[in-house]
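Here is the structure we will look at.
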Amino acid sequence: MAKKKEENGQPTMSTQDAQKSADQNGQTDLPAVDRVPVRKAYKMYVGGAFIRSESGRYTQVAEAPGLSTKENVCRASRKDGRDAVKAALGAWEGWAARTAFNRGQILYRLGEMMEARKSELVGSLVNGGLSRDEAERETLASIDRAIAYAGWCDKYQSLFSSLNPVGGPHFNFTSPESMGVVTIAAPTRPALLGLVGSILPVIASGNTCVVLASEADPRTAVVFSETLATSDLPGGVVNILTGQVKEVLPHLAKHMEVAALDLHGVDGSVAKGAEESAVINVKRVRNRNLTAAEWYNAEAAESPRWIERFVEMKTVWHPAGQ
Amino acid sequence: MVTTEPKESAAKKPANELAIQFGSAWEYAPAPETPDHVKIEPRYELFIGGKWQAPHSKKYFDTISPSTEEKLSEVAEADATDIDNAVKAARVAYEKYWSKLRPIDRGKYVYRISRALQEKARELAIVESMDGGKPIKESRDFDVVQAAAHFFYYAGWADKLAYAFPGRNPRALGVAGQVIPWNFPLLMAAWKLAPALATGNTCVLKPAETTPLTALLLAKIIEECDLPPGVVNIVTGAGATGAALVGHPDVDKVAFTGSTDVGKRIQKAIAGSKKKITLELGGKAANIVFADAPLDQAIEGIIGGIFFNQGHVCCAGSRLLVEESAAPAVIRKLKDRMATLRLGDPLDKNTDVGAINSKMQLEKIRELCASGEKEGAERFSAPCAMPKRGYWFAPTIFTGVSQSHRIAREEIFGPVLAVQTFRTPEEAIEKANNTMYGLSAGIWTDKGSKSFWVAQRLKAGVVWANTYNKFDPSSPFGGFKESGFGREGGRQGLLAYLEVD
Numbered sequence: 045m046a047k048k049k050e051e052n053g054q055p056t057m058s059t060q061d062a063q064k065s066a067d068q069n070g071q072t073d074l075p076a077v078d079r080v081p082v083r084k085a086y087k088m089y090v091g092g093a094f095i096r097s098e099s100g101r102y103t104q105v106a107e108a109p110g111l112s113t114k115e116n117v118c119r120a121s122r123k124d125g126r127d128a129v130k131a132a133l134g135a136w137e138g139w140a141a142r143t144a145f146n147r148g149q150i151l152y153r154l155g156e157m158m159e160a161r162k163s164e165l166v167g168s169l170v171n172g173g174l175s176r177d178e179a180e181r182e183t184l185a186s187i188d189r190a191i192a193y194a195g196w197c198d199k200y201q202s203l204f205s206s207l208n209p210v211g212g213p214h215f216n217f218t219s220p221e222s223m224g225v226v227t228i229a230a231p232t233r234p235a236l237l238g239l240v241g242s243i244l245p246v247i248a249s250g251n252t253c254v255v256l257a258s259e260a261d262p263r264t265a266v267v268f269s270e271t272l273a274t275s276d277l278p279g280g281v282v283n284i285l286t287g288q289v290k291e292v293l294p295h296l297a298k299h300m301e302v303a304a305l306d307l308h309g310v311d312g313s314v315a316k317g318a319e320e321s322a323v324i325n326v327k328r329v330r331n332r333n334l335t336a337a338e339w340y341n342a343e344a345a346e347s348p349r350w351i352e353r354f355v356e357m358k359t360v361w362h363p364a365g366q
Numbered sequence: 078m079v080t081t082e083p084k085e086s087a088a089k090k091p092a093n094e095l096a097i098q099f100g101s102a103w104e105y106a107p108a109p110e111t112p113d114h115v116k117i118e119p120r121y122e123l124f125i126g127g128k129w130q131a132p133h134s135k136k137y138f139d140t141i142s143p144s145t146e147e148k149l150s151e152v153a154e155a156d157a158t159d160i161d162n163a164v165k166a167a168r169v170a171y172e173k174y175w176s177k178l179r180p181i182d183r184g185k186y187v188y189r190i191s192r193a194l195q196e197k198a199r200e201l202a203i204v205e206s207m208d209g210g211k212p213i214k215e216s217r218d219f220d221v222v223q224a225a226a227h228f229f230y231y232a233g234w235a236d237k238l239a240y241a242f243p244g245r246n247p248r249a250l251g252v253a254g255q256v257i258p259w260n261f262p263l264l265m266a267a268w269k270l271a272p273a274l275a276t277g278n279t280c281v282l283k284p285a286e287t288t289p290l291t292a293l294l295l296a297k298i299i300e301e302c303d304l305p306p307g308v309v310n311i312v313t314g315a316g317a318t319g320a321a322l323v324g325h326p327d328v329d330k331v332a333f334t335g336s337t338d339v340g341k342r343i344q345k346a347i348a349g350s351k352k353k354i355t356l357e358l359g360g361k362a363a364n365i366v367f368a369d370a371p372l373d374q375a376i377e378g379i380i381g382g383i384f385f386n387q388g389h390v391c392c393a394g395s396r397l398l399v400e401e402s403a404a405p406a407v408i409r410k411l412k413d414r415m416a417t418l419r420l421g422d423p424l425d426k427n428t429d430v431g432a433i434n435s436k437m438q439l440e441k442i443r444e445l446c447a448s449g450e451k452e453g454a455e456r457f458s459a460p461c462a463m464p465k466r467g468y469w470f471a472p473t474i475f476t477g478v479s480q481s482h483r484i485a486r487e488e489i490f491g492p493v494l495a496v497q498t499f500r501t502p503e504e505a506i507e508k509a510n511n512t513m514y515g516l517s518a519g520i521w522t523d524k525g526s527k528s529f530w531v532a533q534r535l536k537a538g539v540v541w542a543n544t545y546n547k548f549d550p551s552s553p554f555g556g557f558k559e560s561g562f563g564r565e566g567g568r569q570g571l572l573a574y575l576e577v578d
C-alpha cells in the first residue's frame with residue numbers, strides 16, 4: 045500500500061475509488077479527495093489484547109476480490125501459539141468459576157455485539173470473497189448461534205448430569221466440568237459461522253481456547269474478535285491466531301497445557317500428526333468435518349452434543365447416614 | 078484402642094512398640110475356602126466364533142498362582158492370524174445376528190450372563206483369587222458381585238437407548254477390540270463387555286497374560302448362555318496380541334484399561350484412523366484428610382484406599398495428604414491399624430492382603446520403594462510374616478515425602494502409601510492436582526461445605542468424600558488428564574459404545 049502511494053505520488057481515497065480512478069484515468073491522474081480513509085491493521089487477539097505476531101511475519105491478502113491492493117494479516121508463529129496457550133490457561137480457572145448464568149449472559153452479550161457490528165461482519169465476509177447475500181446469511185446465522193449457545197450455558201449440565209442409584213447408602217452424582225485449554229483449528233468455510241460455531245460450544249462449558257482462524261478469510265476472524273473484546277468476555281478465554289494451521293497446529297498439539305484438540309477439516313496428514321503428538325499428555329482429540337450445509341443446519345449444529353465433546357464427567361460419592 | 082498421641086514421629090519404632098499388642102489373643106485359625114469343586118482345565122484354547130480353537134502359533138503359556146508360584150493351567154497365545162479370525166468372527170456376528178436382534182432380546186442375553194455369573198459366583202471367586210492373588214473376601218464380595226451387577230445393569234439399557242439420548246439416534250459402532258488389565262480380571266471384562274453388548278456391538282476381548290482364567294470361565298459361561306457365535310470372542314496373549322487387536326483395521330472401537338504408558342502407545346497407534354477410543358489409565362490419587370475429619374473412619378478409608386487388592390488399583394489412594402495438625406495422630410493410628418492387617422493365603426477368608434500379582438510387579442514395587450528410601454523418605458512396613466513361596470509385599474507407608482519424590486509422582490500399583498502434609502485447603506488442592514494423573518481423589522472432613530468446595534476443585538474423575546474405593550455399575554468411572562478419557566458405568570458409560578447425533 046505504501047508502495048502504491050509512492051508510485052502515485054499522492055494520497056488515495058478508499059482503495060476501491062483509487063482502483064476505479066486508476067482504471068479510468070491512469071495512475072498519474074487521480075481526482076482530488078475529500079478525506080483520506082483510515083486503514084486497519086488486522087491484529088491477532090490474545091489475552092484480551094490485539095497483538096501482532098512476535099515473529100513480525102505477515103501474509104498479504106487482497107483487500108477485496110478483484111482488487112490489487114493488499115492488506116497484511118499476521119502470520120502466527122510457534123511462540124505466538126505458546127503465548128496464546130499461556131493466556132488461555134490463565135483465564136481458565138476464572139472463566140470456569142463463573143456461574144453458568146454469567147457465562148450465558150456474556151455469550152448473549154456477544155450476540156448483541158455481533159448484531160451491532162453486523163454490517164462490518166458482512167463487509168468483511170464480502171471482502172473475503174462471498175456475495176453480499178451469502179455474507180448476510182452467514183452473519184445472521186452466526187449471531188443466532190451465539191444466542192443459541194448463550195442459552196445452553198446453564199442448561200446442558202442438567203442434560204448430561206445424573207444422580208446415580210448406587211447399591212448402597214451413598215449419595216452419588218455425576219456432572220460435567222470443563223477440560224481446560226482447547227485448541228481449535230477452525231474450518232476454512234464458512235469462515236465466520238464455522239469459527240463462531242466451533243468456539244461457542246467449547247467456551248460455553250468453561251473451557252478456554254486457542255483458535256487457528258480460517259486461512260481462506262482470516263480478516264473476518266479478526267473482526268469477530270473485536271466483538272469478543274467488547275462483549276464482557278474475560279481476556280484470554282478466546283485467543284484467535286491468524287496464520288497457517290499446518291505450521292502452528294503441530295506445536296499446539298504437543299503443548300502440555302493444551303487439554304484437547306478440536307480439528308475441523310484439517311488436512312489428513314496434518315491431523316494425523318496432531319493426533320500422534322496429542323499422545324504426549326493424552327489430549328482429547330475430536331475431528332469434526334462438517335459441510336457448509338451442516339453448519340447452517342441450526343438444529344444439528346446447536347445440539348448440546350458439541351458441548352459434550354469438551355467436558356469431563358466428575359462423579360462424587362458421599363455416604364448417607366446418621 | 079489407641080491410648081495416647083505420640084510425642085514424636087513413630088516412623089522408626091519397631092513393631093513391638095505399636096499401641097496394639099494382641100499377642101496370641103488375636104491369632105486366627107485358618108479359614109480357607111476350599112477349591113475342591115473348582116475345575117481348572119489343564120489347557121485353554123482361544124474362544125473365537127463360538128468355538129474353542131487352538132492358536133495359529135501353536136504356542137501356549139503358563140498361568141501361575143502368584144501366592145504359590147504353582148502352575149494352574151496353560152493358555153493359548155493368540156497371534157495376528159488368530160486376532161484376524163476373531164475380528165472376522167465378530168464382524169460376521171455383528172452383521173448377521175447381533176445387529177438384527179430386537180434390542181430387548183439382546184438385553185436378555187446380557188441378563189443371562191449376569192445370572193450365570195451369580196450362579197457360578199463361588200468358583201469364579203476362587204479362581205480369581207488363585208490366578209490373581211487377591212483375597213477371597215474381595216473376589217467373593219466385590220469382584221464377582223460387581224461383575225454380575227454390571228451385566229445386569231447394562232442389560233436393562235439395551236432396549237432403552239433412545240431414552241438415554243433423546244432425539245440423538247444412538248447406534249452401535251460395530252466391532253469393539255478390548256484390552257483389560259490383571260488387577261480385576263473378571264470385573265474389567267464385565268466393564269468392557271456389558272456396555273458394548275447392550276449397545277449392540279460385538280467384542281473381541283483380550284485378558285491380561287497373568288490373569289486369563291476368569292475371562293476364559295466367562296467365555297464358557299457365554300457359550301452356555303447360547304449367545305450367537307462370534308458376538309463375544311476371547312483371545313489370550315501378551316502385549317503383541319493386544320497390539321494386533323487394537324491395530325486391526327476392521328476394529329471400530331478400541332477400549333483399553335491399563336497403564337498410561339501403554340495407553341499412550343495405543344492412542345498413537347490408532348492416530349489418523351476412524352476408530353473410536355476410550356482409555357482408562359493410571360492414577361496417583363490424593364486422599365486428603367482434614368483435621369476436622371472423623372479420624373477413625375478416615376483411617377479405615379485410608380487403609381482400604383491403598384491396601385485394597387494389594388494396592389493394584391488404578392484409583393488407589395496412594396498419596397495421603399494430611400492436614401499438618403492432625404498428621405501425628407493420623408500416622409500413629411495408621412501404623413496401628415496396619416499392624417492388624419493379615420497378609421497371606423488369598424483363599425483364607427481372614428486374609429486382608431493377598432499376593433502381589435506377578436514377580437515383575439513385585440520387582441517394580443521394590444524398586445520404587447528403594448527409591449523412596451534413597452530419596453530420603455521414611456519407610457514403615459507393617460510387621461507381618463511372609464509366606465515362603467509366592468510374591469508378597471508388606472503394607473508400607475512412607476512419611477516425610479516431598480512432591481518431587483518418585484513415590485509421590487509415579488504410580489506404584491502396590492500396597493505403598495506416600496504421606497505428605499498440608500496447612501491450608503488451597504495447599505491441599507494444589508498438591509492433589511500436581512500430578513499428570515486425574516483419576517480419583519478422596520476427601521475426609523466433617524464439614525459438608527468444605528467437602529463440596531474441595532470436590533469441585535479436584536481435577537479427578539471420581540471423588541470420594543468421607544468414603545473411598547466405592548464402585549457401582551450405575552456410577553460413571555474414568556479419568557481426567559493422563560488418566561485417560563471416556564467413562565465406564567452409568568448412562569454416561571453407554572456413550573463409549575455408541576454413535577449419537
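If you read the sequences in order, they're chains A and B. Taking the numbering used here, the leading residue of the first sequence gets 45, the next gets one more, and so forth. Taking the numbering used here, the leading residue of the second sequence gets 78, the next gets one more, and so forth. Cβ atoms here follow ideal geometry from the backbone N, Cα and C, with glycine treated the same way.
Taking 8 Å as the threshold, the shortest C-beta distance from A/T218 to chain B falls below it.
Rounded to the nearest angstrom, the Cβ distance from B/I181 to B/A235 is 7 Å, consistent with a contact under 8 Å.
Between B/G491 and B/T428, the alpha-carbon positions lie close to 17 Å from each other. In the DSSP assignment, no residue is bridged to A/N333. At least 8 Å separates the beta-carbon of B/T158 from that of B/L571. In chain order, T498 place their CB closer than 6 Å to the CB of B/A404, counting only its own chain and leaving out the 5 sequence neighbours on each side.
What A/V210 touches in chain B, judged by beta-carbon distance under 9 Å, is K547, F548, D549, P550, S551, S552, going in chain order. Annotated as distal: A/A304 and B/G349, with beta-carbon spacing of 8 Å or more.
Of all residues in the segment 556 to 572 of chain B, those with a C-beta nearer than 9 Å to a C-beta of chain A are G556, F557, K558, E559, S560, G561, F562, R564, G566, G567, R568, Q569, L572, reading in chain order.
For the C-beta of B/R179, not a single chain A residue is nearer than 7 Å; the gap to the nearest is close to 26 Å. Among the residues facing chain B, A/N325 is included, as its CB has a counterpart in that chain under 8 Å away.
The count of Cβ pairs closer than 8 Å, one atom from the segment 350 to 364 of chain A and one from the segment 386 to 395 of chain B, stays below three, leaving the stretches out of contact. Beta-bridge partners assigned by DSSP to B/V399: B/V366, B/T498.
Ranking B/K436, B/A321, B/S479 by CA distance to the CA of B/E450 puts B/S479 first. The beta carbon of A/H362 falls within 8 Å of a beta carbon belonging to chain B, placing the residue at that interface. Between B/P284 and A/F94, the alpha-carbon positions lie close to 54 Å from each other. At a Cβ-Cβ threshold of 8 Å, A/V254 and A/G125 count as neighbours. Under DSSP, A/R328 forms a beta bridge with A/A304. Counting only runs that start and end inside the segment 89 to 139 of chain A, the beta strand (DSSP E) elements of at least 3 residues fall at 93 to 95, 102 to 106, 114 to 118. Secondary structure at B/L516: coil, using DSSP grouped into helix, strand and coil.
Rounded to whole angstroms, A/K199 and A/L174 show a C-alpha spacing of 35 Å. Chain A places no beta carbon closer than 8 Å to that of B/A232, leaving this residue out of the contacts. From the beta-carbon of B/T544, the residues of chain A found nearer than 8 Å are H214, W361, H362, P363. Counted as a single uninterrupted DSSP element, the alpha helix (DSSP H) harbouring B/K269 occupies residues 262 to 275.
Straight-line spacing of the CA atoms in B/G233 and B/E444 works out to 46 Å. Under the rule that a run must span 4 or more residues, the alpha helix (DSSP H) segments found entirely inside the segment 136 to 183 of chain A read 144 to 160, 162 to 171.
Non-local beta-carbon contacts of B/R120 in its own chain, meaning distances under 7 Å to residues more than five positions away in sequence, involve Y137, S150, E151 in chain order. Assigned with DSSP and collapsed to three states, B/N510 falls in helix.
Under the 10 Å beta carbon count, B/P423 is surrounded by 16 or more other beta carbons and is classified as buried. Between B/G251 and B/G431, the C-beta spacing is not below 8 Å. Take B/P305, set aside five residues on each side of it, and the residues of its chain with a beta-carbon closer than 7 Å to its own are A170, Y174, W175, in chain order. Interface annotation, B/D578: in contact with chain A, CB-CB separation under 8 Å.
Contact between the segment 125 to 136 of chain B and the segment 306 to 316 of chain B is present: three or more C-beta pairs spanning the two stretches fall below 8 Å. Of the other Cβ atoms in all chains shown, 16 or more fall within 10 Å of the Cβ of B/G359; this residue is therefore buried.
B/G254 sits away from B/V339, with the two beta carbons spaced by 8 Å or more. For B/R192, the closest of B/K165, B/A226, B/L411, B/P371 by C-alpha to C-alpha distance is B/A226.
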